[in-house]
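Trainee:
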Amino acid sequence: MPYKVLIIPGDGIGPEVVDAALYVIKAAAERFGVELEMKMAEAGDVALRKYGVAMPQETLKLADAADIIFKGPIGESAYDVTSLIRMRYTLYANIRPVKNLPGVPALKEIDCVFVRENVEDVYVGAEYRVGGVAIALKIITEEGTRRIARVAKRYAEMRRRKVTVVHKANVLRVVDGLFRDVALEELRELEVDQMYVDAAAMELVRNPARFDVVLTTNQYGDILTDLAAQVAGGIGLAPSGNIGDAKAMFEPVHGAAFDIAGKGIANPIAAILSGAMMFEWIGRKEAADAIRFAVEKSIEKDVKTPDIGGRNTTLEVGKYISSIVSG
Ligand code: IPM
Ligand code: MN
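Counting the sequence shown from 1 gives a position; our numbering is that position plus 1130.
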């Protein structure tokens, strides 16, 4: 049975990086005999302009039927697409590995994986305005914390067995306090430490090598993963997987970058490495490894976009990497 993959190119540089990534994904699927049944759908600002809704019914139907969603960045309407997909399919774990790539100038050495809770926190969208007062609810549940902590535990067991729980329980004593307490309880068999989010931001710049698995809530994870990606060499290289029990969505961490859209200079590596995460999720590690190897090869051979010191276009990089994957 083929995997049903819904492709959502998204906005800004989305269509360019997704197009480049598709060359690589198709090459890996072909080489390793992975059957993918791919469909395309519109969502985001582009759909909003055309149909008046960011997430059209047709796209929703296709997403419902898909096993996997592979998505580019979304512009202004990202909450209505990205967060909707995460919530609708309970993709509760946002996995964001952050690691230097050989040959890419970086601020520091870093090799960690963020396990970001992905469906709770202020992202539930409970915001209200009462006259001159605005209120947002931050919702953290014991069950949600347990299930994300278990994911962090699994990753730690495959890595250096160390988890840092990041929160702000000195201020949000009840809400972040629950997250901290439940997480620490789930992780008691491992080497665990905890850090306030402000200190974690500092430490990620000062001594990022100290982190192995970072477990945190939705919003802190959003902010810290952009920061960590920059420490590793740039946001154009950072992949992610949004994982649920039955479905998953893979997407680059970066945004739509309208300022450089259509110029062919966007780095497709974040999208391509998100494709590698997709193969890993379906249990085809050999395909994921081949993609990662090919990405490193492209950098070694200087086939790179300008953000990491190269002169190639988005598509040239994608095609080169796909040719290495094909062997
Ligand atoms: C991300 C993005 C999204 C988020 C936005 C676009 C809704 O920044 O995936 O990190 O805040 O989660
Ligand atoms: Mn973000």
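Ideal Cβ placement from N, Cα and C applies to all residues, glycine included.
Since M1105 sits in a beta bridge, which residues does DSSP pair it with?
Mentor: Only positions 1131 to 1457 of the chain appear in the structure, and residue 1105 is not among them; the question remains open.
Trainee: Count the CB pairs spanning the segment 1281-1301 and the segment 1314-1328 that are closer than 8 Å, and state whether there are at least three.
Mentor: The segment 1281-1301, when compared against the segment 1314-1328, does touch it at the 8 Å Cβ threshold.
Trainee: Just tell me which of L1445, D1432, D1419 has its CA closest to the CA of F1162.
Mentor: Nearest option by C-alpha distance: D1419.
Trainee: Determine whether the beta carbon atoms of V1383 and I1402 lie at a separation below 8 Å.
Mentor: No, they are not a contact pair.
Trainee: For V1243, which option in E1172, T1355, A1196, D1194 has the closest C-alpha, if you only look at C-alpha atoms?
Mentor: When each option's Cα is compared against that of V1243, the closest is T1355.
Trainee: Closer than 7 Å to a non-hydrogen atom of the ligand IPM - does that hold for the CB of S1391?
Mentor: The residue you asked about is not Ser; residue 1391 is Ala in the sequence shown. Checking every heavy atom of the ligand IPM against the Cβ of A1391, none is found closer than 7 Å.
Trainee: Taking A1376 as the reference, which of K1180, A1282, D1194, E1273 has the closest Cα?
Mentor: Checked all of K1180, A1282, D1194, E1273; the closest Cα to A1376 is D1194.
Trainee: Among F1200, M1185, N1248, which has the Cα closest to the Cα of K1169?
Mentor: Ranking F1200, M1185, N1248 by Cα distance to K1169 puts F1200 first.
Trainee: Is any non-hydrogen atom of the ligand IPM found closer than 7 Å to the C-beta of Y1209, if you look at the structure I gave you?
Mentor: Y1209 Cβ: within cutoff of the ligand IPM.
Trainee: Over the uninterrupted beta strand (DSSP E) stretch that includes T1220, give me the two end residues.
Mentor: Here T1220 belongs to no beta strand (DSSP E), and DSSP marks it neither H nor E.
Trainee: Beta-carbon separation of V1312 and R1276 under 8 Å?
Mentor: Going by C-beta atoms, V1312 is nearer than 8 Å to R1276.
Trainee: Under 6 Å, CB to any heavy atom of the ligand MN. Which residues pass, going along the chain?
Mentor: Cβ-based neighbours of the ligand MN within the cut-off: D1352, D1356.
Trainee: If distances are taken between C-alpha atoms only, which option among N1224, D1149, Y1209 comes closest to R1280?
Mentor: Ranking the options by Cα distance to R1280, first place goes to N1224.
Trainee: Just to check, is the beta-carbon of I1373 closer than 7 Å to a non-hydrogen atom of the ligand NAD?
Mentor: In terms of ligand content, the structure shown lacks the ligand NAD and carries the ligand IPM and the ligand MN instead.
Trainee: Taking 7 Å as the cut-off, is the C-beta of V1383 nearer than that to any heavy atom in the ligand IPM?
Mentor: Yes - the ligand IPM has a heavy atom lying nearer than 7 Å to the Cβ of V1383.
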